[in-house]
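Have a look at the structure below, then the notes.
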Amino acid sequence: MPAESPRESLSPEQMEAIDAICDRFEQQWQTGMPSLEDFLSEGPQDCRDRLLCELAGIELQYRRRDGAASINELTAAHPGLADELRRFAHLIDSSEEVTAAVGRVSDVVLATVRQPQGLHIRCPHCASPVELLADTPDEDVTCRACGSTFCLVERAGAESTASTLKSIGRFELLSRLGVGGFGTVWKARDSDLDRKIALKIPRRGQLAGEEIDFFFREARAAAQLRHPHIVPVFEIGRADDTVFIVSEFVEGVTLADWLKDVKPSVHEAAELCAIVADALDHAHQQGVVHRDLKPSNIMIDPAGTPRIMDFGLAKRESGEVTMTCDGQILGTAAYMSPEQAAGRAHWIDRRADVYSLGVIMYQLATGELPYRGNMEVQLASKLFDDAPDPRRLNRHIPADYATICLKCLERDPNRRYAGADALAAELRRFLAGEPIVARPLSRLARLARWTRRKPTLAAVAALTAILAVGGPVAAIVINGQRRQLDANVHELDQLVIQEQQALANLRRDNATLKEKLAESAGSAKSQVRRELANWRQALITDILREHYDDQAGGVGGSDLNDVDRARLHLALGMLLEQTKRQPDALQHFSAAREHLRLALRQTPEDLRLATALADCCHRVAQLQAAAGDADAAADAFRETRQTREQIAEQRGDAAAQLQLLASQVEEGPAGASSTIDTASQNLQRQRQLARAVVANWPNDAADLYEAACQLTRQIPILNRSLPAEEANAPNTTVN
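To convert, take the position in the sequence shown, counting from 1, and add 1329; that gives my numbering.
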């Protein structure tokens, strides 16, 4: 007693997995003999029995095509599966009954026996499984994969044409060559001219008057074409209620059948397409657009030459995408242009044929179509997606050939070749090894197209990229800034602590000094202070008496530059100021200011000159204020402030700021000693040193300036560079 059939309920995912495995198994049978065990092992284990029945049914069907085959032979070929095959033999044998039920559709193959879902058969055009539901009519079965429609039983009208007609007019029907979207094509003999011709009869035996007029009008347009690579239309006619078209009978096979046995090289594909482009150009010159160019409409004669068929017939039916009961589409989805797929009939011109020829070029080079999937997916892809580069499928395709293909397959007709003549010329440039006119689309241009096509997705991708890259970078920068800020705050805290400690030490030292001064003898110490205060003035007076005239006269020497002249005037001004000769000192300081201005204009980046000018202006301001010239003093103070602000801005450090503050602070009394005896000894030594200074007083400008600065407790700005800390250093004095 046979085992129960595997009727378990399967999920949609399991059904899809089984269909995919069966499709690949059947494709392998078309080119060889695949291993049933290997494909069975790929399926899910919980529906293994169902998959075994379907795979065994497919293998048995193909074995019976080559000769008689039975379940016993199948079990002998697969001994490891013998028990299971015998258990489901009654299900596997049912494939023969299904094949007999479909009648004349001999190429429809049993795909699977699905009791709960209904019977599935293979589409005769794309081999995809088509489910037969209980209410599916036998006359019109539509494949959702390729969009074609076919019959399971012979129609009455078609049967009458095929069986009862032996001749039409003077044409004797010899044999049926095929059935297509137009109707039936017969091999016939013209009894008057005694030649073989191809006779095309519409798929409906009787047409309405308007349809007949349209049929004749299209056939007449095709009959005007005379080209060696176009199958000519000899005549059109009517016999009783049957209309027909008579064209040349071409020995050979269609390009679609030729590609099953031959894989052309890229060079051969380019030559073939160049010939087809020439034929299309001839038709376009006559105002005829094919609109349904595809491999099945191109004949390859015994010499290997392509010839185009069915001109003018693609637009027979109303609408641009029309199903026929024989499974063809007027404007086949895989080969039609995007404007055809969108139903824009007024846009369709010769560039639609260029697109179709581009699909054929793509298929010849790669063996694949540019867009995959069922009819709905292909049409949507044509409208919204650019064709993929053929080199993704065959890396041996030359870049120029791929560029020509992609230009033909542009979704915008304005970006394609303007006509078949331009395409033919481009292909011949490629064949001759010459540079082609078309340029490949750059990656940036592809990205721009994708962005315009999918703006939302592009915006999301851009935002994601910005966040992915900019987020970590921003986090690193913010973290670094925070660490730097913490370090700066810590450094400032340390400086505040140090300043507080220094201030405390200064206050302590000041208190100690006050206590020591209070303990000193009043009268004796006052005398020492007077002596200490007067010795400098006496020494400067002696120096000026001995050397002023010579040095004042040497200021105008021609061998001195502005800086040296400024040094001499500053030196003499400082000495005169110490001896209370304020008007003379003001003259020298004013002259020094002018020379410093001139020198600073030549080298504005020299901070030493700027610092010296600020100090000189400050001295001029003080002397002018003392002389009662308030306006001039205000101008000099303003220049002092502006110059020191510029210095502070240029240097940008604390030293420059301290210089601004230091000018406001008065120095306390210098040279104070802790005891009277020590102060007296220091005074004697200073007097001896003063006499030596008078005797050896220098005449060189730099040395004179240095000595004057030392004597007047000034920093020799023009004789050395000033590091930041020197601006805050205590003035050097001669003791």
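Glycine is no exception: its CB is placed at the ideal position from the N, C-alpha and C atoms. Keep in mind that this is a model prediction, so the values were computed, not measured.
**Prompt:** Would DSSP call L1502 helix, strand or coil?
**Reply:** In the sequence shown, residue 1502 corresponds to position 173, counting from 1. L1502 falls in the strand class under three-state DSSP.
**Message:** Considering only the alpha carbon of each residue, which of Q1931, D1944, R1740 lies closest to A1921?
**Reply:** Counting from one through the sequence shown, the residue named residue 1921 turns up at place 592. The shortest C-alpha separation from A1921 is found at D1944.
**Request:** Using only alpha-carbon positions, find the residue among V1884, I1400, E1974, R1926 that is nearest to L2033.
**Result:** Taking the first residue of the sequence shown as position 1, residue 2033 is located at position 704. Distances from the alpha-carbon of L2033 to those of V1884, I1400, E1974, R1926 put V1884 closest.
**Item:** Endpoints, alpha helix (DSSP H) assigned at G1687
**Value:** Here residue 1687 is taken as the residue at index 358 of the sequence shown, counted from 1. Segment 1679 to 1695, the alpha helix (DSSP H) holding G1687.
**Item:** Range of the contiguous alpha helix (DSSP H) that encloses I2103
**Value:** Because residue 2103 is not part of the residues shown, which for the chain are 1330 to 2064, the question remains open.
**Item:** Cβ pair A1914, E1923 closer than 8 Å
**Value:** Taking the first residue of the sequence shown as position 1, residue 1914 is located at position 585. Taking the first residue of the sequence shown as position 1, residue 1923 is located at position 594. No.
**Request:** Inspect the CB distances between the region 1783 to 1796 and the region 1760 to 1770 and report whether three or more fall short of 8 Å.
**Result:** Because the criterion of three Cβ pairs below 8 Å is not met, the region 1783 to 1796 and the region 1760 to 1770 do not touch.
**Request:** Identify, in the order they occur along the chain, each residue of the same chain with its Cβ nearer than 6 Å to the Cβ of R1758, setting aside the five sequence neighbours on each side.
**Result:** Within the sequence shown, numbered from 1, the residue matching residue 1758 stands at position 429. These residues qualify, in order along the chain: I1765.
**Asked** How many Å lie between A1643 and D1367 at the Cα?
**Response** By 1-based counting over the sequence shown, the position of residue 1643 is 314. By 1-based counting over the sequence shown, the position of residue 1367 is 38. The predicted model places A1643 with a pLDDT of 38, which falls under 50 and marks its position as unreliable; any figure quoted below should be read in that light. The alpha-carbon atoms of A1643 and D1367 are separated by roughly 44 Å.
**Prompt:** Which residue from A1418, V1618, D1888 puts its Cα closest to that of C1382?
**Reply:** By 1-based counting over the sequence shown, the position of residue 1382 is 53. Considering only alpha carbons, the answer is A1418.
**Request:** Starting from L1520, follow its DSSP beta bridges and name the residues at the other end.
**Result:** Here residue 1520 refers to the residue found at position 191 when the sequence shown is read from its first residue. First, the amino acid is wrong: residue 1520 is Ser here, not Leu. Answer is none; S1520 lacks a bridge partner.
**Request:** Thinking A1709 and V1618 are a contact (beta carbons under 8 Å), I'd like their distance in whole angstroms, please.
**Result:** Taking the first residue of the sequence shown as 1, we reach residue 1709 at position 380. Taking the first residue of the sequence shown as 1, we reach residue 1618 at position 289. With a beta-carbon spacing of about 24 Å, A1709 and V1618 fall beyond the 8 Å limit used to define contacts.
**Request:** Flag this pair as touching only if the region 1567 to 1586 and the region 1617 to 1632 have three or more C-beta atom pairs under 8 Å; answer yes or no.
**Result:** Output reads yes: the region 1617 to 1632 touches the region 1567 to 1586.
**Prompt:** At which residue ranges does the region 1896 to 1956 contain complete alpha helix (DSSP H) runs of 4 or more residues, listed in the order of the chain?
**Reply:** Within the region 1896 to 1956, the complete alpha helix (DSSP H) runs of at least 4 residues are 1911 to 1931, 1936 to 1955.
**Request:** Report the partner residues of M1628 according to the DSSP bridge assignment.
**Result:** As a first step, residue 1628 is located in the sequence shown; it is residue number 299 there, counting from the start. Paired residues: T1583, R1636.
**Prompt:** Ordered along the chain, which non-local residues of its own chain (more than five positions away) have a Cβ less than 7 Å from that of T1969?
**Reply:** Translated into positions along the sequence shown, residue 1969 becomes position 640. So the list reads A1943, C1946, H1947, A1950, once near-sequence residues are dropped.
**Prompt:** Mapping DSSP to helix, strand and coil, what is A1332?
**Reply:** Looking up residue 1332 in the sequence shown gives position 3. For A1332, the predicted structure reports a pLDDT of 45, less than 50, and the residue's modelled location is therefore unreliable. A value from the coordinates is still provided. The answer is coil: DSSP assigns A1332 none of H, G, I, E or B.
**Prompt:** Per DSSP, L1528 is paired with what?
**Reply:** Counted from its first residue, the sequence shown places residue 1528 at position 199. The bridge partners DSSP lists for L1528 are W1515, V1575.
**Request:** Using a threshold of 8 Å, state whether the C-beta atoms of L2070 and L1752 are closer than that.
**Result:** Past the edges of the chain, shown from 1330 to 2064, lies residue 2070, and the structure says nothing about it.
**Asked** Is there contact here, the region 1695 to 1702 with the region 1714 to 1732, by at least three beta-carbon pairs under 8 Å?
**Response** Judged by Cβ distances under 8 Å, the region 1695 to 1702 makes contact with the region 1714 to 1732, as three or more pairs qualify.
**Asked** If you count every other CB in all the chains shown that lies within 10 Å of the CB of G1432, and 16 or more means buried, which is it?
**Response** Position 103 of the sequence shown holds residue 1432. Its pLDDT being 34, under 50, G1432 is placed unreliably in this model, and the coordinates cannot settle the point.
**Prompt:** When you compare only the Cα positions, how much space is there between R1701 and V1595?
**Reply:** Indexing the sequence shown from 1 puts residue 1701 at position 372. Indexing the sequence shown from 1 puts residue 1595 at position 266. Across the structure, R1701 and V1595 are spaced so that their CA atoms are roughly 22 Å apart.
**Request:** Spell out a yes or no on whether the region 1547 to 1563 and the region 1499 to 1509 are touching, meaning 3 or more CB-CB pairs, one atom from each, closer than 8 Å.
**Result:** No, because fewer than three Cβ pairs between the region 1547 to 1563 and the region 1499 to 1509 fall closer than 8 Å, the two stretches do not touch.
**Request:** Going by CA-CA distance only, name the one from D1678, E1577, Y1664 that's closest to G1313.
**Result:** Residue 1313 is absent from the model: the chain starts at 1330 and stops at 2064.
**Request:** Decide if V1798 is buried, meaning its Cβ has at least 16 other Cβ atoms within 10 Å, or exposed.
**Result:** The residue given as residue 1798 occupies position 469 in the sequence shown. With fewer than 16 Cβ atoms within 10 Å of its Cβ, V1798 is classed as exposed.
**Asked** According to the neighbour-count rule (16 or more other Cβ atoms, all chains shown, within 10 Å of its Cβ), is A1349 buried or exposed?
**Response** Taking the first residue of the sequence shown as position 1, residue 1349 is located at position 20. Counting Cβ neighbours within 10 Å, A1349 comes out exposed, since fewer than 16 surround it.
**Message:** Quick check: V1575 and I1526, are their CB atoms within less than 8 Å of each other?
**Reply:** Taking the sequence shown and counting its residues from 1, the one referred to as residue 1575 is at position 246. Taking the sequence shown and counting its residues from 1, the one referred to as residue 1526 is at position 197. Note that the C-beta distance between V1575 and I1526 is below 8 Å.
**Request:** Would you kindly work out how many angstroms separate the C-alpha atoms of K1909 and H1876, rounded to a whole number?
**Result:** Position 580 of the sequence shown, counting from 1, holds the residue named residue 1909. Position 547 of the sequence shown, counting from 1, holds the residue named residue 1876. In this structure, the CA atom of K1909 is about 17 Å from the CA atom of H1876.
**Message:** With distance defined between alpha-carbon atoms, name the residue in P1912, H1898, H1917 nearest to G1957.
**Reply:** As a first step, residue 1957 must be located in the sequence shown, where it is residue number 628. Ranked by how close their Cα comes to the Cα of G1957, the residues P1912, H1898, H1917 have P1912 in first place.
**Asked** Is it right to say A1831 is buried, meaning 16 or more other beta carbons lie within 10 angstroms of its own, or is it exposed?
**Response** On the sequence shown, position 502 is the one that residue 1831 refers to. Exposed is the call here.
**Host alpha helix (DSSP H) of H1611 (start-end)** = In the sequence shown, the residue the question calls residue 1611 occupies position 282. Looking at the DSSP string, the run of the alpha helix (DSSP H) that includes H1611 is 1595 to 1614.
**Prompt:** Shorter than 8 Å from the beta carbon of G1372 to some beta carbon of chain D?
**Reply:** Checking the listed chains, one finds no chain D in this structure; it contains a single protein chain.
**Own chain partners of I1869 with C-beta closer than 8 Å, once the 5 adjacent residues on each side are dropped** = By one-based count along the sequence shown, residue 1869 stands at place 540. So the qualifying residues of the chain are L1904, Q1907, T1908, L2040.
**For A1568 and I1497, believed in contact at Cβ under 8 Å, the rounded distance** = Translated into the one-based positions of the sequence shown, residue 1497 becomes position 168. Translated into the one-based positions of the sequence shown, residue 1568 becomes position 239. Right, the Cβ-Cβ distance comes to about 5 Å (below 8 Å), so this counts as a contact.
**Prompt:** Do C1734 and P1719 have their CB atoms nearer than 8 Å?
**Reply:** Here residue 1734 refers to the residue found at position 405 when the sequence shown is read from its first residue. Here residue 1719 refers to the residue found at position 390 when the sequence shown is read from its first residue. Yes, these two residues count as a Cβ contact at 8 Å.
**Prompt:** Does the Cβ of L1814 have 16 or more other Cβ atoms within 10 Å, making it buried, or fewer, making it exposed?
**Reply:** Stepping through the sequence shown from its first residue, residue 1814 is reached at position 485. Around the beta carbon of L1814, a 10 Å sphere encloses fewer than 16 other beta carbons of the protein chains shown; the residue is thus reported as exposed.
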